[in-house]
Ligand code: HEC
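In this note's numbering, the protein residues as written are 97 to 277.
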């Protein structure tokens with residue numbers, strides 16, 4: 097009676113062979129699925145990393161660079177009209193750069209290099225605009241100050257650690273001295 101009852105339940109799996117096939121498929125299908133998903137993810141990453149290392153480096157590079165001293169020739173293709181010696185604005189007037197000397201050179205060099213220490217008076221640097229700190233130094237004469245700025249003095253590195261032109265360093269000294277008078 098009970099056997100008949102069991103037989104009445106229809107099942108898709110009727111033989112041991114079918115059972116084996118079902119068990120094997122139940123194991124293989126999820127594995128294949130996982131492998132496909134994993135390869136889709138890592139395959140994508142591989143394309144990104146190995147595809148073009150240059151493109152990645154390009155995206156990771158800093159936005160700008162600070163150039164002190166001689167301005168290198170502009171990159172090929174970029175502003176072909178701007179020669180290394182005299183960058184021109186659209187109106188044709190030369191734009192003053194830190195390397196170009198001129199009245200703004202001292203302030204520019206100060207803003208990019210000297211300010212790092214002198215604005216806050218770091219490492220015992222005479223603070224910018226601090227008349228009391230600068231007075232005895234100014235009293236030693238411009239040449240002495242130029243000499244210290246160009247060749248260094250104690251914690252003050254030569255040219256503030258930059259490779260600026262001598263004239264620009266002197267202009268920066270003038271600028272500092274001017275602010276402290
Ligand atoms: C790394 C920090 C640092 C930077 C950058 C720096 N200075 Fe100085 N500077 C000093 C310190 C420290 C002193 C004080 C040195 C001393 O008298 O012992 C000093 C002193 C000076 C003096 C006085 C020298 C004297 O004979 O009394 C001048 C002028 C000067 N700096 C100019 C400059 C100029 C111009 C720049 C930028 C080109 C610059 N400094 C960048 C740290 C710095």
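We put the CB at the ideal spot given by N, CA and C, even for glycine. Computed from a prediction, not measured in an experiment: that's the story for all the values here.
Near the ligand HEC: residue i beta-carbon under 7 Å from a heavy atom
{"i": "residue 215", "result": "no"}
{"i": "residue 138", "result": "no"}
{"i": "residue 224", "result": "no"}
{"i": "residue 275", "result": "no"}
{"i": "residue 244", "result": "yes"}
{"i": "residue 162", "result": "no"}
{"i": "residue 253", "result": "yes"}
{"i": "residue 272", "result": "yes"}
{"i": "residue 263", "result": "no"}
{"i": "residue 165", "result": "no"}
{"i": "residue 258", "result": "yes"}
{"i": "residue 221", "result": "yes"}
{"i": "residue 268", "result": "yes"}
Per-residue DSSP class, three states only, for residue i
{"i": "residue 231", "result": "helix"}
{"i": "residue 261", "result": "coil"}
{"i": "residue 223", "result": "coil"}
{"i": "residue 157", "result": "coil"}
{"i": "residue 110", "result": "coil"}
{"i": "residue 182", "result": "Legend: pLDDT at residue 182 = 43, less than 50; position of this residue unreliable, value from coordinates given subsequently. Looking at residue 182 - three-state DSSP - the assignment turns out to be coil, as it is neither helix nor strand."}
{"i": "residue 266", "result": "helix"}
{"i": "residue 277", "result": "coil"}
Supposed close pair residue i, residue j - CB separation, criterion 8 Å
{"i": "residue 202", "j": "residue 267", "result": "3 Å"}
{"i": "residue 164", "j": "residue 244", "result": "Wrong, their Cβ atoms sit about 19 Å apart, outside the cutoff."}
Three or more C-beta pairs under 8 Å: does that hold for the region 213-220 against the region 235-247? Counting Cβ pairs under 8 Å, fewer than three are found: no touch.
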